[in-house]
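Here's the structure we're looking at; comments come further down.
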Ligand SMILES: NC(=O)c1ccc[n+]([C@@H]2O[C@H](COP(=O)([O-])OP(=O)(O)OC[C@H]3O[C@@H](n4cnc5c(N)ncnc54)[C@H](O)[C@@H]3O)[C@@H](O)[C@H]2O)c1
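In my numbering, the protein residues as written are 620 to 1000.
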């Protein structure tokens, strides 16, 4: 049977996310598996054109993955009539202009979050995409994590009864770069380069909360720059101008209260780098990236506050693991497959640029709340 080749312009693939999650673990993995079978018997074969600024790094990446097409000329790539999709995993500050150019060139667009640095630009991109009729999408990878998929299944099965609250801890210690190399790029810590943990993480929290629990209606957030000076990739000390921690409360439809801490300045004492605890009238759950544990109301112990005695009860023992009844593939790859089928077969794809704009809205509202020290409402967009 024939291959249905889909040429994809992939920009920003020399970066951390582009190189690992999108190229190696998604597109290259799909090719390694022989492509994606289509309903008509053909096979969808993704053919990437790697785009970046550094010729040497592009060539070596292309060689590593046996990819033949690469270029430093984005304009040239966009003028290739055979290229159907533009993908962007560049640093956030570079995204909006490139996405606009891609839409203008008639390409379907798929990109990393945040889709833009501010809400006005994000909405403009969503409107341009809507008007163009081109397919468009944004990465919402956390929804494909096994732990969060199990959590969503619990919600859909009515496990919690009435959901009262969601409490989340996300984060880990990101080294300052002096005595140990930082494990994230330095632009993340500079507001002027599109950095900041609210801009980064609130995009994720928006779709996670919206999709699993219900629409976010308002936010109150306090940010902090706990570490004011860091050392960059070239060993140069720089002023960290962006927030490296965010402490936020979100109000959701149905009166659900979500309280999420996001921080690059915490040392981990939990099972995974993300832990979401959900408490409902009938049961509770604690979900991480992979695992999800539950405690039903009938398994709920009866603690009594007594500070005079050391705690003898093991509260962890009353929680039960939700089994892995499914096989979970890499979430980025699963979402790529959905988007490629959406382009080729017009199958449903709900993670559009407009959904991406909602993430930017929450990030912007969080920053506004911090600046003005007040609750900020989120109007429909
Ligand atoms: N979905 C997720 O879980 C997730 C996780 C981390 C980052 N991201 C997003 O992915 C994007 C890339 O993040 P990353 O951590 O891979 O960053 P990175 O710094 O490792 O990579 C950035 C890429 O953009 C390119 N680039 C082009 N112009 C640039 C410029 N002027 N300054 C800096 N880089 C430029 C770089 O060459 C590189 O290929 C960001 O928008 C970020 O918000 C998403």
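We put the beta carbon where it would ideally sit given N, CA and C, even for glycine.
{"Asked": "Keeping to the same chain, check which residues put their C-beta closer than 7 angstroms to that of residue 810; ignore five residues upstream and five downstream.", "Found": "860 and 861"}
{"Asked": "Which of helix, strand or coil does DSSP assign to residue 667?", "Found": "strand"}
{"Asked": "In angstroms with no decimal places, state the Cα-to-Cα distance between residue 983 and residue 643.", "Found": "32 angstroms"}
{"Asked": "For residue 637, verify whether its CB is less than 7 angstroms away from any heavy atom of ligand 1.", "Found": "yes"}
{"Asked": "What do you reckon, is the C-beta of residue 731 under 7 angstroms from a heavy atom of ligand 3?", "Found": "For the structure depicted, ligand 3 is absent and the ligand set comprises only ligand 1."}
{"Asked": "Candidates 947, 765, 648 and 874: which alpha carbon is nearest residue 894's?", "Found": "765"}
{"Asked": "Measure the Cβ-Cβ separation of residue 707 and residue 634 and say whether it is below 8 angstroms.", "Found": "no"}
{"Asked": "Can you tell me whether residue 713 sits near ligand 1, meaning its C-beta is under 7 angstroms from at least one heavy atom of the ligand?", "Found": "yes"}
{"Asked": "So residue 795 is in the alpha helix (DSSP H); what residue range does that whole segment cover?", "Found": "Taken as a continuous stretch (DSSP letters only), residue 795 belongs to no alpha helix (DSSP H), as it is neither H nor E."}
{"Asked": "Would you list, in sequence order, the uninterrupted alpha helix (DSSP H) runs of no fewer than 4 residues that lie entirely inside the segment 822-864?", "Found": "none"}
{"Asked": "Looking only at its own chain, which residues have a Cβ that is under 6 angstroms from the Cβ of residue 955, when we skip the five neighbours before and after it?", "Found": "645"}
{"Asked": "Please report the Cβ distance between residue 759 and residue 826, rounded to the nearest whole angstrom; I am assuming they are in contact, meaning their Cβ atoms lie under 8 angstroms.", "Found": "5 angstroms"}
{"Asked": "Going by DSSP in three states, residue 707 sits in which element: helix, strand or coil?", "Found": "strand"}
{"Asked": "For residue 816, does the three-state DSSP call read helix, strand or coil?", "Found": "helix"}
{"Asked": "With a cut-off of 8 angstroms on the beta carbons, I'd call residue 753 and residue 964 a contact; round off their distance for me.", "Found": "That belief does not hold up - the Cβ atoms of residue 753 and residue 964 are roughly 16 angstroms apart, past 8 angstroms."}
{"Asked": "For the segment 979-993 against the segment 733-740, are there 3 or more C-beta pairs whose distance is under 8 angstroms?", "Found": "yes"}
{"Asked": "Is any non-hydrogen atom of ligand 1 found closer than 7 angstroms to the C-beta of residue 675, if you look at the structure I gave you?", "Found": "no"}
{"Asked": "Just to check, is the beta-carbon of residue 633 closer than 7 angstroms to a non-hydrogen atom of ligand 1?", "Found": "yes"}
{"Asked": "If you run the structure through DSSP and keep just helix, strand and coil, what is residue 731?", "Found": "coil"}
{"Asked": "Please report the Cβ distance between residue 686 and residue 665, rounded to the nearest whole angstrom; I am assuming they are in contact, meaning their Cβ atoms lie under 8 angstroms.", "Found": "That pair is no contact at about 10 angstroms."}
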